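Q: Input: one structure, supplied below.
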Amino acid sequence: MKYYMGKILIVDLTAGTVSSEEVPQHVFDAVLTGKGLAAWYLYKNIPAGADPLGPDNILGFVSGALTGTGALICGRLAVACKSPLTGGWGDASCGGIFSPAIKQCGYDGIFFKGISEKPVYLYCDNTTAELRDASAYWGMDAVESEIKIREDIKSQKRPCVAVIGTAGENCSLISGIVNEGGRIAARSGVGAVMGSKKLKAVALAGSRPIPCADHEAVKALSKELGTRINKMKFPSGVGGMLGLGGTALGIMPSTPLPGPVTSLIFRHWGTPSNMPLAITSGDGPIKNWSGGPKDAKGMTRAYNPDVIKRMETVKYHCYSCPLGCGGKMKIKGNPFTDYTETHKPEYETIECFGPLLLNGNLDSVVAINEMLSRGGMDSISAGNIVAWAIECYEKGIITKEQTGGLELTWGNAESIVKLVEQMINRTGFGADLTDGVKRASEKYGGKEYAMHVGGQEPGMHDTRNDPQLAVHMVTEPAPGKHTIGMAIQYGAMSLSDICSWAPPARIHGKGRDYIPNEEMAMISKANACYSLLTDSAGGCYYAEMMGVHMWKLVEYLNAALGWNYDGDHYMEIGERIQNIRQLFNIKHGFDPAAVVLPERMKGNPPLSNGPLKGRRLRTEEQVALHWKAFGWDPVTGVPLKETVERLGIPALMEE
Ligand code: SF4
0 MKYYMGKILI VDLTAGTVSS EEVPQHVFDA VLTGKGLAAW YLYKNIPAGA
50 DPLGPDNILG FVSGALTGTG ALICGRLAVA CKSPLTGGWG DASCGGIFSP
100 AIKQCGYDGI FFKGISEKPV YLYCDNTTAE LRDASAYWGM DAVESEIKIR
150 EDIKSQKRPC VAVIGTAGEN CSLISGIVNE GGRIAARSGV GAVMGSKKLK
200 AVALAGSRPI PCADHEAVKA LSKELGTRIN KMKFPSGVGG MLGLGGTALG
250 IMPSTPLPGP VTSLIFRHWG TPSNMPLAIT SGDGPIKNWS GGPKDAKGMT
300 RAYNPDVIKR METVKYHCYS CPLGCGGKMK IKGNPFTDYT ETHKPEYETI
350 ECFGPLLLNG NLDSVVAINE MLSRGGMDSI SAGNIVAWAI ECYEKGIITK
400 EQTGGLELTW GNAESIVKLV EQMINRTGFG ADLTDGVKRA SEKYGGKEYA
450 MHVGGQEPGM HDTRNDPQLA VHMVTEPAPG KHTIGMAIQY GAMSLSDICS
500 WAPPARIHGK GRDYIPNEEM AMISKANACY SLLTDSAGGC YYAEMMGVHM
550 WKLVEYLNAA LGWNYDGDHY MEIGERIQNI RQLFNIKHGF DPAAVVLPER
600 MKGNPPLSNG PLKGRRLRTE EQVALHWKAF GWDPVTGVPL KETVERLGIP
650 ALMEE
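All residue numbers for the sequence shown refer to numbering that gives the first Met the number 0, where the first residue is 0 and numbers rise by one.
Okay, structure coming up:
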């Protein structure tokens with residue numbers, strides 16, 4: 000008996016055909032689904048050297064192994080392709096309700112190859128899988144087109160629709176794919192690949208049952224987790240005090256944070272809870288990664304999570320998630336936008352368009368949030384690019400003539416909003432910024448102020464505050480991402496309780512992390528393996544943060560899949576997936592050793608104020624130790640033959 004759907008849908012956009020393929024049991028056993036299945040399929044089927052925006056690239060939407068089984072917080076969607084932004088492996092993750100809809104149509108994943116002559120969308124339900132004309136929706140923003148496509152389909156079941164906005168249609172290399180009006184698979188330029196294929200949307204309205212080996216056992220685990228989550232209550236009105244907590248964190252030793260505390264915080268405020276903490280603790284980059292808390296004066300008040308929570312009209316829950324860290328809010332009297340509703344801005348968006356730009360204007364951030372959702376653009380990349388542009392303008396590298404009259408000064412909310420609009424629409428000065436900060440700085444100069452890692456702009460957590468994060472940003476096959484591992488995450492997870500080789504998280508002086516050491520290499524390896532396992536199960540990052548004793552991933556997998564494996568076995572699945580992603584990069588000529596942190600992100604020159612004052616990283620040395628821990632060449636980052644064979648990868652890739 001298979002406890003996965005066992006099939007993938009293959010859509011050839013050039014030929015206009017749709018077919019299905021079996022997913023062999025041994026492949027599922029080795030990599031599950033999610034990013035694991037995507038890595039397996041894309042490694043095998045994208046030819047070396049394929050143009051990321053050409054017909055040979057493949058765009059995959061893959062559901063998680065636990066999605067739809069009754070397991071909680073397991074509804075994340077994995078989107079993968081060869082990244083046009085980095086030229087290597089690309090993937091993005093997204094909440095919402097799209098992921099279970101793939102399985103309800105009878106598939107573990109849907110893969111698109113080729114390029115359509117005219118705009119199309121895929122419609123799929125229990126009995127139909129066909130391409131339909133999308134010319135009428137081309138040119139509409141993501142929110143508008145999602146609504147219109149859903150209305151026009153007129154199916155009995157409300158279709159789940161994933162769609163690109165204007166940025167994706169324009170093949171902006173920082174564009175993403177949107178569902179539910181604001182949940183976005185944003186990273187790696189996945190939206191540009193969809194746009195290059197002239198694929199406007201994917202609409203799913205299936206209702207097939209999703210298999211699960213032991214419903215009762217899964218239900219019992221979910222009841223236990225749900226009860227713990229529902230008991231958690233947080234006193235309101237203390238959001239403003241989180242800044243004090245951040246100040247304390249900035250001077251305290253590294254301390255494992257209990258998983259339940261993090262979930263309590265996210266349940267109450269969502270990710271904006273991190274704003275004051277980030278500003279004061281050194282976690283949140285300020286002034287294009289060159290400033291400290293003194294430069295961001297007043298912003299802990301401007302972005303007080305209590306203020307943002309008061310604007311929330313309804314909480315937003317992704318599929319199967321009782322946490323509901325998201326929210327929707329009405330927009331009233333906002334001088335920067337005529338839109339009346341938006342998803343609550345996430346921490347990454349607020350940090351990017353707030354302290355990173357020294358912008359204390361919450362209205363402008365709310366407006367930009369809705370613009371990016373509608374345009375379908377990655378807020379992390381967009382914010383880093385605008386920060387570079389402002390710094391270049393300040394230093395005279397970019398002139399007012401070149402910006403078309405935009406006064407690009409720190410905190411100039413009006414200019415920032417206008418520039419984002421241009422980037423989405425590929426117009427004016429924004430047209431030169433919409434393909435990422437690396438390309439923009441190659442055209443205008445100011446490369447030393449262009450914050451990117453291997454071509455992708457980094458997430459809003461300061462590497463100088465967390466040397467482990469620095470290693471993940473560099474070694475991640477889709478570099479620059481912040482979701483693969485962090486010290487605070489490792490401290491919350493208690494991985495050593497499920498994995499025999501994962502070191503325990505300990506209270507220790509922060510200084511220790513700044514000296515390269517093998518224990519931290521095992522920590523970063525364990526963190527990466529567990530994150531890939533979570534992604535392939537469809538789990539959320541914030542579920543991981545609850546720790547293994549609250550969100551019981553190993554128990555969930557055993558119950559839902561009818562297995563009886565220990566944590567070591569599952570960690571090896573994560574390790575295998577990470578190896579395949581790295582091998583994808585090697586196959587496509589993406590050199591892992593060429594990926595480095597910008598000097599500023601390593602503390603060169605060191606910051607002059609705040610908790611990161613004087614901090615410098617020795618990332619190259621720690622990266623070599625991380626690669627060695629993975630069984631990869633410590634100089635080149637290429638997986639060694641014995642590692643690849645131990646993980647059974649050659650056999651997995653045979654036809
Ligand atoms: S914790 Fe937040 S992002 Fe994660 S699944 Fe739940 S609602 Fe979605």
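From the three backbone atoms N, C-alpha and C, an ideal C-beta is built for every residue, glycine too.
Everything numeric in this text was worked out from a predicted model, so none of it was measured.
(1) What runs of the alpha helix (DSSP H), each 4 residues or longer, lie entirely inside the stretch 616-645?
(2) In whole angstroms, what separates the C-alpha of F110 from that of L560?
(3) Along the chain, where does the alpha helix (DSSP H) containing S372 start, and where does it finish?
(4) The alpha helix (DSSP H) that contains F589, what's its start and end?
(5) Compute the Euclidean distance between the alpha carbons of N139 and N526, then round it to the nearest angstrom.
(6) Between the C-alpha atoms of L418 and L357, what's the straight-line distance to the nearest angstrom?
(7) Would you decide whether N303 is buried or exposed? Buried here means 16 or more other CB atoms lie within 10 Å of its CB.
(8) Tell me the rounded alpha-carbon separation between L371 and S144.
(9) So, is M0 buried or exposed, given that buried needs 16 or more other C-beta atoms within 10 angstroms?
(10) Let me confirm a value: N66 is counted as buried when at least 16 other C-beta atoms fall within 10 Å, else exposed. Which label applies?
(11) Can you tell me whether Q581 is buried or exposed? The criterion is at least 16 other CB atoms within 10 Å of its CB, across all chains shown.
(12) Taking the Cβ atom as the reference point for each residue, do I423 and T618 lie within a distance shorter than 9 Å?
(13) What is the rounded straight-line gap between the Cα of H62 and the Cα of K399?
(14) Give a yes or no on contact between the stretch 491-504 and the stretch 513-530, applying the rule of three or more CB pairs nearer than 8 Å.
(15) Which full runs of the beta strand (DSSP E) of 3+ residues lie inside the stretch 538-576, going along the chain?
(16) Count the CB pairs spanning the stretch 286-305 and the stretch 564-575 that are closer than 8 Å, and state whether there are at least three.
(17) Can L65 be considered in contact with the ligand SF4, in the sense that its beta carbon sits closer than 8 Å to one or more heavy atoms?
(18) Does the Cβ-Cβ distance between G188 and L36 come in under 9 Å?
(19) Going straight from the alpha carbon of T408 to that of S523, what length do you get?
(20) Could you check if T261 is buried or exposed, using at least 16 other CB atoms within 10 Å of its CB as the buried criterion?
(21) Tell me whether F409 sits in a helix, a strand or coil according to DSSP, three-state version.
(22) Going by other Cβ atoms of all chains shown within 10 Å of its Cβ, with 16 needed for buried, is N649 buried or exposed?
(23) What's the gap between the Cα of E574 and the Cα of D362?
(24) Does the Cβ of H460 have 16 or more other Cβ atoms within 10 Å, making it buried, or fewer, making it exposed?
(25) Taking only runs that begin and end inside the stretch 52-108, name each unbroken alpha helix (DSSP H) of 4 or more residues, in chain order.
(26) Which whole-angstrom value is the C-beta distance of E347 and I379, which I expect to be below 8 Å?
(27) Per DSSP, what kind of secondary structure is L172 in: helix, strand or coil?
(28) Using a Cβ-based criterion (distance less than 8 Å to any ligand heavy atom), does Y541 qualify as near the ligand SF4?
(29) Output needed for K218: all residues of its chain with C-beta closer than 8 Å, excluding positions within five of it in sequence on either side, in chain order.
(30) Near T312, what residues of its chain come up, given a Cβ to Cβ distance below 7 Å and the 5 sequence neighbours on each side ignored?
(31) Which complete alpha helix (DSSP H) runs does the stretch 114-149 hold, if anything under 4 residues is left out?
(32) Who are the Cβ neighbours of T270 in its own chain at under 8 Å, not counting the five residues just before and after it?
(33) In chain order, what residues of the same chain have a beta carbon less than 6 Å from the beta carbon of G453, not counting five sequence neighbours either side?
(34) Pick out whichever of G95, I209, G382 and H267 has its Cα sitting closest to the Cα of G283.
(35) List the whole-angstrom C-beta distance separating M485 from A628, where the pair is believed to meet the contact cut-off of C-beta under 8 Å.
A: So, to answer that:
(1) 618-629 and 640-645
(2) Here residue 110 corresponds to residue number 111 of the sequence shown, with the count starting at 1. Here residue 560 corresponds to residue number 561 of the sequence shown, with the count starting at 1. Each residue's alpha carbon lies about 24 Å from the other.
(3) As a first step, residue 372 is located in the sequence shown; it is residue number 373 there, counting from the start. Run containing S372: L361 to G374, per the alpha helix (DSSP H) assignment.
(4) If you number the sequence shown from 1, residue 589 lands on position 590. Counting along the chain, F589 falls outside any alpha helix (DSSP H), and DSSP gives it neither H nor E.
(5) Sequence index remark: in the sequence shown, residue 139 carries index 140 (1-based). Sequence index remark: in the sequence shown, residue 526 carries index 527 (1-based). Checking the sequence, you will find Met at residue 139 rather than Asn. Approximately 40 Å between the Cα atoms of the pair.
(6) For the purposes of this step, residue 418 is identified with residue 419 of the sequence shown, where counting begins at 1. For the purposes of this step, residue 357 is identified with residue 358 of the sequence shown, where counting begins at 1. Taking the straight line joining both Cα atoms gives about 16 Å.
(7) The residue labelled residue 303 in the question sits at position 304 within the sequence shown. It counts as buried.
(8) Translated into positions along the sequence shown, residue 371 becomes position 372. Translated into positions along the sequence shown, residue 144 becomes position 145. Going from the Cα of L371 to the Cα of S144 covers about 15 Å.
(9) Looking up residue 0 in the sequence shown gives position 1. Around the beta-carbon of M0, fewer than 16 other beta-carbon atoms lie within 10 Å, marking it exposed.
(10) Against the sequence shown, residue 66 aligns to sequence position 67. One detail in the question is off: residue 66 reads as Thr in this sequence, not Asn. Per the 10 Å Cβ criterion, buried.
(11) The residue given as residue 581 occupies position 582 in the sequence shown. With 16 or more other Cβ atoms within 10 Å, it is buried.
(12) Translated into the one-based positions of the sequence shown, residue 423 becomes position 424. Translated into the one-based positions of the sequence shown, residue 618 becomes position 619. No; because the gap between Cβ atoms is not below 9 Å, this pair is not in contact.
(13) As a first step, residue 62 must be located in the sequence shown, where it is residue number 63. As a first step, residue 399 must be located in the sequence shown, where it is residue number 400. Sequence check: residue 62 is Ser here, not His. In a straight line, the C-alpha of S62 is about 47 Å away from that of K399.
(14) yes
(15) The DSSP assignment places no complete beta strand (DSSP E) segment of no fewer than 3 residues inside the stretch 538-576.
(16) Taking a cut-off of 8 Å on C-beta distances, the stretch 286-305 does not touch the stretch 564-575, as fewer than three cross pairs fall below it.
(17) Indexing the sequence shown from 1 puts residue 65 at position 66. No, since every heavy atom of the ligand SF4 falls outside the 8 Å radius drawn around the Cβ of L65.
(18) Locating residue 188 in the sequence shown gives position 189, where the first residue counts as 1. Locating residue 36 in the sequence shown gives position 37, where the first residue counts as 1. Against a cut-off of 9 Å, the Cβ pair of L36 and G188 comes out as no contact.
(19) For the purposes of this step, residue 408 is identified with residue 409 of the sequence shown, where counting begins at 1. For the purposes of this step, residue 523 is identified with residue 524 of the sequence shown, where counting begins at 1. Rounded to the nearest angstrom, the two C-alpha atoms are 38 Å apart.
(20) The count along the sequence shown starts at 1 and reaches residue 261 at position 262. Buried is the call here.
(21) One-based indexing of the sequence shown puts residue 409 at position 410. Residue 409 is actually Trp in this sequence, not Phe. Residue state, collapsed to three classes: coil.
(22) Working through the sequence shown from its first residue, we reach residue 649 at position 650. Per the sequence presented here, residue 649 reads as Pro, with Asn not at that position. Burial call: exposed.
(23) Here the question's residue 574 lines up with position 575 in the sequence shown. Here the question's residue 362 lines up with position 363 in the sequence shown. So the alpha carbons of these two residues sit roughly 43 Å apart.
(24) Walking along the sequence shown from the start, residue 460 turns up at place 461. With 16 or more other Cβ atoms within 10 Å, it is buried.
(25) 97-103
(26) For the purposes of this step, residue 347 is taken as the residue at position 348 of the sequence shown. For the purposes of this step, residue 379 is taken as the residue at position 380 of the sequence shown. About 5 Å; that satisfies the 8 Å criterion.
(27) Here the question's residue 172 lines up with position 173 in the sequence shown. Looking at L172 - three-state DSSP - the assignment turns out to be coil, as it is neither helix nor strand.
(28) Counting from 1 along the sequence shown, the entry for residue 541 is found at position 542. Y541 Cβ: within cutoff of the ligand SF4.
(29) As a working note, residue 218 is residue 219 in the sequence shown. Only G69 meet the Cβ criterion.
(30) Taking the sequence shown and counting its residues from 1, the one referred to as residue 312 is at position 313. Same-chain partners within the cutoff: K327, M328 and K329.
(31) none
(32) As a working note, residue 270 is residue 271 in the sequence shown. Answer for T270: C324, E345, Y346 and E347, listed in chain order.
(33) For the purposes of this step, residue 453 is taken as the residue at position 454 of the sequence shown. Correct list, in chain order: T85, P478 and V594.
(34) Along the sequence shown, read from residue 1 onward, the residue named residue 283 stands at position 284. Of the candidates G95, I209, G382 and H267, the one whose C-alpha sits nearest the C-alpha of G283 is G382.
(35) One-based indexing of the sequence shown puts residue 485 at position 486. One-based indexing of the sequence shown puts residue 628 at position 629. At roughly 17 Å, the Cβ-Cβ gap does not stay under 8 Å, so M485 and A628 are not in contact.
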